[in-house]
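Peer 1: Once you've had a glance at the structure underneath, I'll fire off some questions.
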Amino acid sequence: IRHIRLRTVRLDTLNLSTVQLDTVLLHTVFLPTVLLRTLFLPT
582 IRHIRLRTVR LDTLNLSTVQ LDTVLLHTVF LPTVLLRTLF LPT
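Here you go:
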């Protein structure tokens, strides 16, 4: 039982890390494009 629990915990941590990576990628790619769009929209 302990082994299975350890495995699930590891999977959870992996999922968390991937989600964090996704959010970081989103912030580094999505935010600058939105900023650029808002900057270039008035002109």
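By my numbering, the letter at position 25 of the sequence shown is numbered 606, and the numbering carries on one by one without gaps. From the three backbone atoms N, C-alpha and C, an ideal C-beta is built for every residue, glycine too.
Start and end of the alpha helix (DSSP H) containing LEU616?
Peer 2: 583-621
Peer 1: In whole angstroms, what separates the C-alpha of PHE611 from that of ASP603?
Peer 2: 11 angstroms
Peer 1: Considering only residues of the same chain and omitting the five flanking positions on each side of VAL615, which have a CB-CB separation below 6 angstroms?
Peer 2: none
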